[in-house]
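Student: Following this message is one structure expressed as structure tokens.
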Amino acid sequence: MIEPSNKIEEVIVIGGGPAGLAACVYLARANLKPLLFAGSPPGGQLMLTSEVENYPGFDHILGPELVAKLRKHAQTFGTRIVDQNILKVFFSTSHHEVGTIDKTYAAKTILITTGAKALWLNLQSEQRLRGKGVSACATCDGFFFKNKVVAVIGGGDTAMEEALTLTKFAAKVYLIHRRDQFRASKIMQKRVLENPKIKVMWNTVVEEVLGENKIEGLKLATEKPETENRILKIDGLFLAIGHKPDTDLFKSAIELDGKGYIVTSDRYALEFAKSVSKETEVKLLIPKEKVTMYKDRFDLNWVSATSVKGVFAAGDCVDYQFRQAGTAVGMGIAAALEIERWLEIHNQ
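With the sequence shown counted from 1, adding 9 to any position gets you this note's numbering.
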């Protein structure tokens, strides 16, 4: 039996990655006593990142260590952290409820920071070598492969971007695609095909990632019967076959896009502006006086608001472009400041 909570929290944060933890620092300092459900295991994708060198303030730090520092910082100011998963949500106009396996909690506002996960090949050898030469982020890890040979798997714009990013560091980049044509935009394809450092391998799939303590190569298979399976020696492998936002819990509660990312007011305003005029530049000016701006279910006065009043979102569950720890932290802080102002208005 699920035990209800009689207390209505000011704010509940769902997700214990950098966005949620950074938000809680600000929420706690504003004396809002945030209740954070970090999930199990907590920490998000940073817990799977061995080395982080692009987070401001640290020349070098392990992913789990960075999470621990963010967590301690949030708790210093009074954040309450529960290492449990939220299994159900109910959002309404008056207050919102979330439920764990044994208890329900109510809050005036909700901040969703559940993040996103990179899609993998689901090979046992791939999982064993994650952080040992296998990555899903060239921006994060490309620096470690200076003058090395690397491979990228994928055929969309993300794969093109990853391959091009890696050419800044690696001596050679293999771009492995299972089909005979890319689905990426023409301009991105052109850049890749014209780059002398990139060699495209069409109609090819990875059967196994080779190596014990670090990646040493790939076992490849091709659809062409005249070509034998081959071993490709590489120093690094980058997966670029997509990301999946961790938002299944919210499918029937708030508006998501076609890929499952949470739609917030700023994105909705941008997409609406694009639909109004694809040729005319549209600038959204911030007025000196607060005005009421609504479009459909979105309150455009709030950047991180979702389609439900009092529910906000930040981090990789919203950000389908950058997916960096630093950008997630910034989004989390912005959402926290908005929640503080939202509560000031609605608690009057």
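Beta carbons are placed, not taken as given, at the ideal position from N, Cα and C, and that holds for glycine.
1) Buried or exposed: where does F154 fall if 16 or more other Cβ atoms within 10 Å of its Cβ makes it buried?
2) Going by Cα to Cα distance, which pick from A249, V338, C326 and G226 is closest to D266?
3) What residue range does the beta strand (DSSP E) around P50 cover?
4) Count the other C-beta atoms from every protein chain shown that fall within 10 angstroms of the C-beta of I354, then say buried if there are 16 or more, exposed otherwise.
5) Terminal residues of the continuous alpha helix (DSSP H) containing Y35?
6) Of all the options V320, F152, F191 and K260, which has the alpha carbon lying nearest to the alpha carbon of D68?
7) Please report the straight-line C-alpha distance between G24 and S103, rounded to a whole angstrom.
8) Quick check: L346 and Y35, are their CB atoms within less than 8 Å of each other?
9) Starting from P73, follow the alpha helix (DSSP H) in both directions and report where the run begins and ends.
10) Leaving out the 5 sequence neighbours to the left and right, which residues in its chain are closer than 7 Å to V218 when beta-carbon positions are compared?
11) In whole angstroms, what separates the C-alpha of S261 from that of T85?
12) Give me, in chain order, the residues of the same chain whose beta-carbon lies closer than 6 Å to that of P73; leave out the 5 immediate sequence neighbours on both sides.
13) Count the other CB atoms within 10 Å of the CB of K117; is the residue buried (16 or more) or exposed (fewer)?
14) Using only the alpha-carbon positions, how far apart do E19 and K318 sit?
15) Starting from L227, follow its DSSP beta bridges and name the residues at the other end.
16) For K268, which residues from the same chain have a beta carbon less than 6 Å from its beta carbon, with the 5 sequence-adjacent residues on both sides left out?
17) Please report the Cβ distance between Q93 and T109, rounded to the nearest whole angstrom; I am assuming they are in contact, meaning their Cβ atoms lie under 8 Å.
18) Going straight from the alpha carbon of A343 to that of V159, what length do you get?
19) Using only CA atoms, which one of I263, E62, I185 and F307 lies nearest to G281?
20) Quick one: what does DSSP say I250 is sitting in, helix, strand or coil?
21) Counting Cβ pairs, one atom from each stretch, are 3 or more of them under 8 Å apart for the region 120-129 and the region 321-335?
22) Would you check if the region 190-210 and the region 161-168 touch, i.e. whether three or more CB-CB distances between them fall below 8 Å?
23) In the DSSP output, what is F99 paired with across the bridge?
24) Return the bridge partner residues of F321 from the DSSP annotation.
25) Since I243 contacts V320 with CB under 8 Å, what's their CB separation in whole angstroms?
26) Grouping DSSP H, G and I as helix and E and B as strand, with all else coil, what is E62?
27) Only counting runs of 4 or more residues, tell me where the alpha helix (DSSP H) segments fall wholly within the region 150-180, in order along the chain.
28) Return the CA-CA distance between Y183 and E106, expressed in angstroms with no decimal places.
29) Which term fits Q357, buried or exposed, when burial requires 16 or more other beta carbons within 10 angstroms of its beta carbon?
30) Please look up how many angstroms separate the CB atoms of I348 and L120, rounded, as I've assumed it's under 8 Å.
Tutor: On the basis of the supplied data:
1) In the sequence shown, the residue the question calls residue 154 occupies position 145. Label assigned to F154: buried.
2) Stepping through the sequence shown from its first residue, residue 266 is reached at position 257. Closest by alpha carbon: C326.
3) On the sequence shown, residue 50 is found 41 positions in, with the first residue counted as 1. Run containing P50: none; DSSP gives neither H nor E here.
4) Along the sequence shown, read from residue 1 onward, the residue named residue 354 stands at position 345. It is exposed - the Cβ of I354 has fewer than 16 other Cβ atoms within 10 Å.
5) Stepping through the sequence shown from its first residue, residue 35 is reached at position 26. First-last of the alpha helix (DSSP H) with Y35: P27 to R38.
6) If you number the sequence shown from 1, residue 68 lands on position 59. Comparing Cα-Cα distances from D68 to each of V320, F152, F191 and K260, the minimum goes to F152.
7) Along the sequence shown, one-based indexing puts residue 24 at 15. Along the sequence shown, one-based indexing puts residue 103 at 94. Rounded to whole angstroms, G24 to S103 spans 23 Å at the Cα level.
8) One-based indexing of the sequence shown puts residue 346 at position 337. One-based indexing of the sequence shown puts residue 35 at position 26. Taking 8 Å as the Cβ cut-off, L346 and Y35 qualify as a contacting pair.
9) Taking the first residue of the sequence shown as 1, we reach residue 73 at position 64. Looking at the DSSP string, the run of the alpha helix (DSSP H) that includes P73 is G72 to T85.
10) In the sequence shown, the residue the question calls residue 218 occupies position 209. Answer for V218: L132, S134, E135, L138, V143, I224, L227 and L246, listed in chain order.
11) Reading the sequence shown from its first residue, position 252 is the one you call residue 261. Reading the sequence shown from its first residue, position 76 is the one you call residue 85. When rounded, the distance between both Cα atoms is 35 Å.
12) Position 64 of the sequence shown, counted from the first residue, corresponds to residue 73. Closer than 6 Å at Cβ, skipping near neighbours: M56.
13) The residue you call residue 117 lines up with position 108 of the sequence shown. Buried, since its Cβ has 16 or more Cβ neighbours within 10 Å.
14) Taking the sequence shown and counting its residues from 1, one reaches residue 19 at position 10. Taking the sequence shown and counting its residues from 1, one reaches residue 318 at position 309. If you take the alpha carbons of E19 and K318, they lie about 14 Å apart.
15) Here residue 227 refers to the residue found at position 218 of the sequence shown. Answer by DSSP bridge pairing, in chain order: V218 and L241.
16) Residue numbering aside, residue 268 sits at position 259 when the sequence shown is read from its first letter. Cβ within range, chain order: n/a, list empty.
17) Numbered from its first residue, the sequence shown carries residue 93 at position 84. Numbered from its first residue, the sequence shown carries residue 109 at position 100. With a Cβ gap of about 5 Å, Q93 and T109 count as contacting.
18) Walking along the sequence shown from the start, residue 343 turns up at place 334. Walking along the sequence shown from the start, residue 159 turns up at place 150. Computed Cα separation, rounded: 37 Å.
19) Within the sequence shown, the letter at position 272 stands for residue 281. According to the sequence shown, residue 281 is Phe rather than Gly. The candidate whose alpha carbon is nearest that of F281 is F307.
20) On the sequence shown, residue 250 is found 241 positions in, with the first residue counted as 1. Reduced to three states, the DSSP call for I250 is coil.
21) yes
22) yes
23) For this step, residue 99 is matched to residue 90 along the sequence shown. E106.
24) Residue 321 sits at position 312 when you count from the first residue of the sequence shown. Answer is L120 and A314.
25) Locating residue 243 in the sequence shown gives position 234, counting from the first residue. Locating residue 320 in the sequence shown gives position 311, counting from the first residue. About 44 Å; that fails the 8 Å criterion.
26) Translated into the one-based positions of the sequence shown, residue 62 becomes position 53. DSSP places E62 in coil when its eight states are reduced to three.
27) 166-175
28) Counting from 1 along the sequence shown, the entry for residue 183 is found at position 174. Counting from 1 along the sequence shown, the entry for residue 106 is found at position 97. Spanning the two alpha carbons is a distance of roughly 49 Å.
29) Mapped onto the sequence shown, residue 357 falls at position 348. By the neighbour-count rule (16 or more Cβ atoms within 10 Å), Q357 is not buried but exposed.
30) In the sequence shown, residue 348 corresponds to position 339, counting from 1. In the sequence shown, residue 120 corresponds to position 111, counting from 1. Going by Cβ atoms, the distance from I348 to L120 rounds to 6 Å, so yes, they are a contact pair.
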